[in-house]
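*Asks:* Starting off with a structure, shown below.
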Amino acid sequence: MTRMKTKEILLKEAGYRYNFDRMAYVNQREKKVFAEETVEDQTPEWLAERIAEPNVTGDWQFYEEPSVAVRRAFVAELENGRSAHR
Amino acid sequence: MADQRTVEDRLRSEYAELLPTMHRTFIAVETEVRHMLLPVTLSLDVYERIIVRGRVKDCESAVDSLRRRQEFGFFDTDRPEDYSLRSLKDLVGVRVLTFPNRRLEDARKALLSVTDRWVADPVTGDTPGDPPIAYKYAGFWRSGDLVSSEIQVVSLLVGLFWEAEHSAIYKPSPNLRGVTKSIEMRRKTAAVISALREFELEFGQLIETAGGTDDSR
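Going down the list, the protein sequences come from chains E and X. Heads up: the first sequence begins at 0 in numbering that gives the first Met the number 0, then just goes up one per residue. Heads up: the second sequence begins at 0 in numbering that gives the first Met the number 0, then just goes up one per residue.
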């Protein structure tokens with residue numbers, strides 16, 4: 000099995016959905032975000048560890064923290080998505 | 000007074016300023032590429048193709064292309080001055096489509112006097128060791144040029160697949176471009192490219208084995 004296929008399965012089984020507009024894997028329940036580039040660059044082992052760790056920040060957790068303005072805009076979009084899905 | 004324009008509006012304004020330059024560069028690049036390919040083009044067999052296509056990237060595509068290169072596809076509104084369309088490598092683009100496979104190398108070599116000085120950025124497949132899917136080169140046609148140009152050399156079938164994909168999906172809905180970056184779609188795309196390349200290779204080999212085509216039939 001290829002490394003990318005392994006990562007795809009890890010993300011899917013953990014409840015991550017691909018947000019094609021933001022090119023990121025998002026878990027709305029855990030409030031965690033992986034950029035597509037991060038997923039591509041890192042190993043499946045690295046990804047599995049980060050998926051398993053709990054989000055204790057009380058906020059959205061980004062692996063590869065964006066700038067303040069980008070975080071603000073993305074979180075607003077994610078929060079709108081959450082209320083739309085409720 | 001502070002500039003109240005959005006990042007996108009600033010970029011649209013920059014596009015309008017760059018447009019005459021882009022058109023001049025496009026005419027120069029396309030004409031010279033055709034000229035450099037002329038010896039190969041004149042030697043083609045009847046079933047062989049070398050097709051040159053070019054374009055100046057349109058305004059909204061350029062703005063969207065730059066946006067998609069930013070963190071999570073957002074412009075940082077706190078730093079609008081950081082962005083310039085001149086950072087795009089393909090504001091002017093010329094694509095050379097070749098058939099069959101052996102003509103890909105001929106075309107690539109014919110352009111070397113220019114592309115050797117440019118930055119090579121080949122499109123690689125997912126399987127290590129496979130030859131590039133396409134050769135891409137970016138650079139300035141003349142040293143004083145304001146915009147970068149891109150020359151691509153790609154097999155006819157793969158190039159036409161990209162064109163069909165672009166005009167059927169991304170042109171009407173640019174936001175769907177990110178779909179291709181997903182792991183699932185990358186696997187599907189790789190399968191299509193692989194099938195097209197195999198088809199092309201087999202086709203080329205069969206024709207060569209048969210000694211080409213007979214024009215008089």
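From the three backbone atoms N, C-alpha and C, an ideal C-beta is built for every residue, glycine too.
Quick one: any contact between the stretch 119-138 of chain X and the stretch 69-86 of chain X, if contact means 3 or more CB pairs under 8 Å?
*Replies:* No, the stretch 119-138 of chain X is not in contact with the stretch 69-86 of chain X.
*Asks:* Spell out whether any CB of chain X is found under 9 Å from the CB atom of alanine 68 (chain E).
*Replies:* Indexing the first sequence from 1 puts residue 68 (chain E) at position 69. By this cut-off, alanine 68 (chain E) is an interface position.
*Asks:* Going by DSSP, what residues sit across from serine 148 (chain X) in a beta bridge?
*Replies:* For this step, residue 148 (chain X) is matched to residue 149 along the second sequence. Answer is X:Val91, X:Gly138.
*Asks:* Taking Cβ-Cβ distances shorter than 9 Å, what residues in chain X pair up with glutamate 7 (chain E)?
*Replies:* Position 8 of the first sequence, counted from the start, is the residue given in the question as residue 7 (chain E). Near glutamate 7 (chain E) (Cβ distances below 9 Å), the residues of chain X are Ser181, Ile182, Glu183, Arg186.
*Asks:* Taking 9 Å as the threshold (C-beta atoms), are serine 154 (chain X) and leucine 195 (chain X) in contact?
*Replies:* Translated into the one-based positions of the second sequence, residue 195 (chain X) becomes position 196. Translated into the one-based positions of the second sequence, residue 154 (chain X) becomes position 155. Cβ distance < 9 Å, so leucine 195 (chain X) and serine 154 (chain X) count as in contact.
*Asks:* Measure the C-alpha to C-alpha separation of serine 148 (chain X) and glutamate 31 (chain X) and round it to an integer number of angstroms.
*Replies:* Within the second sequence, numbered from 1, the residue matching residue 148 (chain X) stands at position 149. Within the second sequence, numbered from 1, the residue matching residue 31 (chain X) stands at position 32. Spanning the two alpha carbons is a distance of roughly 13 Å.
*Asks:* Could you tell me whether the stretch 116-125 of chain X touches the stretch 173-182 of chain X, where touching means 3 or more Cβ pairs closer than 8 Å?
*Replies:* With a cut-off of 8 Å, the stretch 173-182 of chain X and the stretch 116-125 of chain X do not count as touching, because too few Cβ pairs lie within range.
*Asks:* Which residue's Cα is closest to the Cα of proline 99 (chain X): X:Gly203, X:Ile168, X:Val28, X:Leu36?
*Replies:* To locate residue 99 (chain X), count along the second sequence from 1; it is residue 100. The candidate whose alpha carbon is nearest that of proline 99 (chain X) is X:Gly203.
*Asks:* Using DSSP with H/G/I as helix, E/B as strand and the rest coil, what is asparagine 79 (chain E)?
*Replies:* In the first sequence, counting from the first residue as 1, residue 79 (chain E) sits at position 80. Note: asparagine 79 (chain E) maps to helix in three-state DSSP.
*Asks:* How about leucine 145 (chain X) and arginine 85 (chain X): are their beta carbons less than 9 Å apart?
*Replies:* Start at 1 with the first residue of the second sequence, and residue 145 (chain X) comes out as number 146. Start at 1 with the first residue of the second sequence, and residue 85 (chain X) comes out as number 86. Contact flag set, yes.
*Asks:* In chain order, what residues of the same chain have a beta carbon less than 6 Å from the beta carbon of phenylalanine 61 (chain E), not counting five sequence neighbours either side?
*Replies:* Position 62 of the first sequence, counted from the first residue, corresponds to residue 61 (chain E). Here the set comprises Val32.
*Asks:* From the beta carbon of leucine 175 (chain X), is the nearest beta carbon of chain E less than 9 Å away?
*Replies:* Taking the second sequence and counting its residues from 1, one reaches residue 175 (chain X) at position 176. So yes, leucine 175 (chain X) belongs to the interface.
*Asks:* Which residues share a DSSP beta bridge with tyrosine 62 (chain E)?
*Replies:* If you number the first sequence from 1, residue 62 (chain E) lands on position 63. According to DSSP, which records beta bridges pairwise, tyrosine 62 (chain E) is partnered with E:Phe33.
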